Amino acid sequence: QQPVQSPQAVILREGEDAVINCSSSKALYSVHWYRQKHGEAPVFLMILLKGGEQKGHEKISASFNEKKQQSSLYLTASQLSYSGTYFCGTEYGGNTGKLIFGQGTTLQVKP
Amino acid sequence: EAGVAQSPRYKIIEKRQSVAFWCNPISGHATLYWYQQILGQGPKLLIQFQNNGVVDDSQLPKDRFSAERLKGVDSTLKIQPAKLEDSAVYLCASSLTGAVYNEQFFGPGTRLTVL
Chain L
449 QQPVQSPQAV ILREGEDAVI NCSSSKALYS VHWYRQKHGE APVFLMILLK GGEQKGHEKI
509 SASFNEKKQQ SSLYLTASQL SYSGTYFCGT EYGGNTGKLI FGQGTTLQVK P
Chain V
62 EAGVAQSPRY KIIEKRQSVA FWCNPISGHA TLYWYQQILG QGPKLLIQFQ NNGVVDDSQL
122 PKDRFSAERL KGVDSTLKIQ PAKLEDSAVY LCASSLTGAV YNEQFFGPGT RLTVL
């Protein structure tokens, strides 16, 4: 039931783009995206709901494909501050608040 | 607006000892979560409270872990007795109850090392 994230790790140069995917084996109600820097708490980035609504940071975009049961996070024109581990958290069955997190994708942005 | 507060930030104990962690959520957030994050993994939900009632504790090892939220605000998570495999970061998070966008706000965590 844990969502699967891909890739496991990405190395970018500043200004390059990246896509992180999150796939579920069952129908999703929502997908939450968080970024966690080493030794710090996860920070909320984006939430995408079944039906198309979403809320998140201006500079972050994401998609939610209900049919394919997956979400993708798009990081464009990456900055050094984008480095960290990205987690998707999946919610099933409704607005329960119960998230199951993926194993994470580590992103490193180099100058 | 103050964030989620947790204490202590670090704790080192011997196996079979007991330990307790404290969390104070964002003011007005009725839903509180405790997660366990083992190094290199995503957070795993241990228990979810709404006010002072338990919503979900299906992944809480109840033979050694307990949690309470007596007045619907602060919460305490206890481990007794601790095992080596309990070494992890324990994260507390809170969210608005019933909101359409129920994003969770995490505290800084307590890093537990069991020797």
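Chains as they are written, first to last, in our numbering: chain L, 449 to 559; chain V, 62 to 176.
Even glycine gets a Cβ: it sits at the ideal position worked out from N, Cα and C.
In this text, all values refer to a predicted model and were calculated from it rather than measured experimentally.
Given that a residue counts as buried once 16 or more other Cβ atoms are within 10 Å of its Cβ, and exposed if not, what is residue i?
i               : result
Q98 of chain V  : buried
T92 of chain V  : buried
D147 of chain V : buried
I73 of chain V  : exposed
S478 of chain L : buried
L523 of chain L : buried
L107 of chain V : buried
W77 of chain V  : For the sequence presented, residue 77 of chain V should be read as Arg rather than Trp. Its Cβ having fewer than 16 others within 10 Å, R77 of chain V is exposed.
E164 of chain V : buried
R70 of chain V  : exposed
A457 of chain L : exposed
G159 of chain V : exposed
Pick from the options: whose alpha carbon is nearest that of residue i?
i               : options                           : result
F492 of chain L : L:C536, L:G542, L:T554 and L:T544 : L:C536
L152 of chain V : V:K144, V:T171, V:I74 and V:F110  : V:T171
G541 of chain L : L:L497, L:S511 and L:I468         : L:L497
C470 of chain L : L:H505, L:L521, L:G500 and L:E506 : L:L521
Q109 of chain V : L:L547, L:V479, L:Y477 and L:R483 : L:L547
S156 of chain V : L:H480, L:A510, L:Q450 and L:P559 : L:H480
L100 of chain V : V:A149, V:S136 and V:N85          : V:A149
S68 of chain V  : V:T174, V:N163, V:R130 and V:G168 : V:G168
Q518 of chain L : L:K485, L:Q456, L:L476 and L:A466 : L:L476
K144 of chain V : V:F126, V:A154 and V:Q165         : V:F126
V161 of chain V : L:P559, L:G545 and L:E464         : L:G545
Q484 of chain L : L:K558, L:P559 and L:S531         : L:S531
My guess is that residue i and residue j are in contact by the Cβ rule of under 8 Å, so how many angstroms apart are they, rounded?
i               : j               : result
T533 of chain L : T553 of chain L : 7 Å
L460 of chain L : S526 of chain L : 5 Å
P490 of chain L : P86 of chain V  : In fact, because the Cβ distance is near 15 Å, the residues do not count as touching under 8 Å.
S79 of chain V  : K139 of chain V : 7 Å
Q449 of chain L : K474 of chain L : 7 Å
Helix, strand or coil, according to DSSP, for residue i in the structure here?
i               : result
L173 of chain V : strand
S529 of chain L : helix
D147 of chain V : helix
A466 of chain L : strand
N513 of chain L : strand
N113 of chain V : coil
N543 of chain L : coil
G101 of chain V : coil
I548 of chain L : strand
R130 of chain V : coil
K76 of chain V  : coil
V557 of chain L : strand
Q165 of chain V : coil
In the DSSP assignment, what are the bridge partners of residue i?
i               : result
Q449 of chain L : BP columns for Q449 of chain L are empty, so no partner.
Y96 of chain V  : V:L106 and V:L152
H480 of chain L : L:I495 and L:G537
N85 of chain V  : V:A66
I140 of chain V : V:V80 and V:F126
I508 of chain L : Partner(s): none; I508 of chain L has no beta bridge.
A457 of chain L : L:T554
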